Amino acid sequence: MLTWEELSELTRTRRSIRRFQDKPVPEDLLLKALELATWAPNGGNQQAWRFLIVTNRELIRKMGDAVQAKTELMASWPEAKQFAETVAQWRKSSDFFRGAPVCIAVLIGKYSSIADQILQARGEADPIAREIRSCRETAKTSLQSAAAAITYICLFLHYFGLGTTWMAGPLQAKKEIEQLLDVSPEWDFMGLIPVGYPAEDPKTRPRIRM
Ligand SMILES: Cc1cc2nc3c(=O)[nH]c(=O)nc-3n(C[C@H](O)[C@H](O)[C@H](O)COP(=O)(O)O)c2cc1C
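Be aware that the sequence shown starts at 8, since it is given in my numbering, and climbs by one per residue.
Written out as structure tokens, the structure is:
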């Protein structure tokens with residue numbers, strides 16, 4: 008067993024890493040972290056997640072191009088002018104994952120609990136059923152499950168000295184990324200985790216005290 012101090016040190020020293028060394032990441036470390044992450048709590052133990060390990064530089068570059076294109080599009084809208092300073096920074100950083108030797112694409116699948124099945128059978132007519140369905144949609148169980156696994160992945164890779172960032176930003180190019188990764192229609196891309204040996208040592212971002 009880890010001591011509390013060791014667990015605390017591991018947890019507190021993980022940082023989001025956005026600059027990476029050009030050093031290959033051993034595949035066995037990725038597989039070990041992913042296998043252990045499948046022990047994360049997840050809705051109904053349905054494990055409605057998939058993790059695609061992308062090491063092909065060309066593919067990573069194309070995902071970067073797709074994300075950057077959407078950033079540029081949104082930055083060009085008149086509505087972006089009021090956020091000029093932040094937008095300038097965002098334009099430089101939204102595709103930073105291009106610099107990572109590995110990206111893990113996280114997919115979520117269909118999750119269906121007994122509540123979902125009853126609500127589905129009940130149909131659209133009943134307003135209370137509609138409301139319950141909408142409440143469940145605000146924090147989909149498949150999304151929550153994948154989030155638990157991502158937390159584990161980032162922590163376990165940190166244990167091996169690897170840097171990661173949990174990225175929701177690439178969702179802006181969800182369609183393009185799914186095409187590039189040949190994702191079948193029953194799965195949804197929900198996030199990207201660039202992985203590599205850190206080339207930066209970012210300051211700790213403070214936490215709200217409990
Ligand atoms: C759901 C989620 C989405 C995130 N999306 C992005 C992202 O798109 N781009 C990015 O640079 N960081 C992203 N982050 C990383 C956060 O910015 C980071 O975790 C936070 O600032 C705290 O810093 P730390 O991870 O170093 O402790 C995301 C984190 C989470 C949990």
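In this text, a Cβ means the ideal position worked out from N, Cα and C, and glycines have one as well.
This one's a predicted model, so the numbers in the text were calculated from it and none came from an experiment.
Buried or exposed by the 16-neighbour rule on C-beta atoms within 10 Å, applied to P31: exposed
Whole-angstrom distance between A95 and Q151, CA atom to CA atom: 32 Å
Cβ shell of P209 (< 6 Å), same chain only, five flanking positions each side left out: R22
Alpha helix (DSSP H) runs contained entirely in the region 51–118, provided each spans 4 or more residues: 64–83 and 91–100
Cβ pair L17, L59 closer than 8 Å: no
As assigned by DSSP and simplified to three states, the class of S23: strand
Reference W46; option with closest CA among A153, P205 and E13: A153
P201 CB to nearest heavy atom of ligand 1 below 7 Å: no
Exposure label - N49; buried when at least 16 CB within 10 Å: buried
Spatial distance of D195 from E207 (CA atoms): 31 Å
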